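Reading the sequence shown from the start, the letters are residues 1 to 224 in my numbering. A virtual CB, placed ideally from N, CA and C, is assigned to each residue, including glycine. Please read these numbers as outputs of a predicted model, since none were measured by experiment. For reference, the structure discussed in these notes is given below.
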Amino acid sequence: MVFGNSISDQRNPQVTLQTEEELQLTKFLMDRGTDAIFCVAPDAHFLYVNDAICRLLGYSREELLSMTMHDVDPDFSPKVWSEYWRTIKQQGSLYFESLHLAKDDQSFPVEIAVTYLEFYGRECGYIFVRDITRRKQAEVEIRATLQHEKELGEQRAHFISVFRHEFRNLLNIVSFSTSLLRRHSHQWTEEKKQPYIERIRTAVEQLSQLLDQVKSSVEQKQEN
């Protein structure tokens, strides 16, 4: 759309022809552009739709031009749209995300950028629409990955805590039993020493098993 020429220019046939050509070129480019574009009136009726928005929603141009924003975005009831329009008019532009409903009743997330325009006293909202389905899917996948990493981190922290507790207990058994044997080695009989020696042997075996579990867990994580 071209807004630069005034009404007075139309008195000059050459200027009028140039303006018509510019308008036709602009409309042609908008119609064939890859961006989904439409213009909407203050009452939410569509004033213009390009080929891209028709493909995106699955409607023909004629069908869309007989529809309103509410038909493709159920969240925009007349009351809600009225509030949005007031904000658009006050701010000059508005950016938000919503859900659009295609002709096949399939909804999909969209990114919407609205610019308020006046053309020869006629108000309209100039709207760019972008399908953000892939981006939303990627966000879901990222959140799932982060949640998975968080859970793994929590499991790892729990595993380390348990490992430290078990390891410390076993070391205490070895340390305590060894200390007693060293202190009373010359006084105790072999029979009295035996339970402490057995405790040390059992604790060492459990320590070995615990270290094997840690090694196995680390190797599994590296493979994954």
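Please classify residue i as buried or exposed, where buried requires at least 16 neighbouring CB atoms within 10 angstroms.
i	result
residue 43	exposed
residue 192	exposed
residue 114	buried
residue 72	buried
residue 159	exposed
residue 52	buried
Rounded to the nearest angstrom, what separates residue i and residue j at their Cα positions?
i	j	result
residue 195	residue 213	27 Å
residue 47	residue 65	6 Å
residue 36	residue 50	7 Å
residue 76	residue 70	5 Å
residue 162	residue 95	51 Å
residue 151	residue 207	27 Å
residue 133	residue 109	6 Å
residue 187	residue 198	18 Å
residue 34	residue 128	11 Å
residue 145	residue 180	52 Å
residue 68	residue 93	19 Å
residue 41	residue 103	21 Å
Please report the residue range of the beta strand (DSSP E) in which residue i lies.
i	result
residue 100	93-101
How would you write the range of the alpha helix (DSSP H) that residue i sits in, first residue to last?
i	result
residue 64	61-64
residue 44	Counting along the chain, residue 44 falls outside any alpha helix (DSSP H), and DSSP gives it neither H nor E.
residue 67	Premise fails: residue 67 is in no alpha helix (DSSP H) and is neither H nor E.
residue 51	51-57
When the Cβ atoms of the region 141-161 are set against those of the region 121-128, are three or more pairs found closer than 8 Å? Counting Cβ pairs under 8 Å, fewer than three are found: no touch.
Where are the alpha helix (DSSP H) runs, 4 residues long or more, that stay fully inside the region 110-196, in chain order? List check, alpha helix (DSSP H) in window: 133-184.
Taking one C-beta from the region 52-60 and one from the region 80-89 each time, how about it: are there three or more such pairs within less than 8 Å? The answer is no - the region 80-89 does not touch the region 52-60, with fewer than three Cβ pairs under 8 Å.
Are at least three pairs of beta-carbons, each pair with one atom in the region 164-173 and one in the region 202-211, less than 8 Å apart? Touching, yes.
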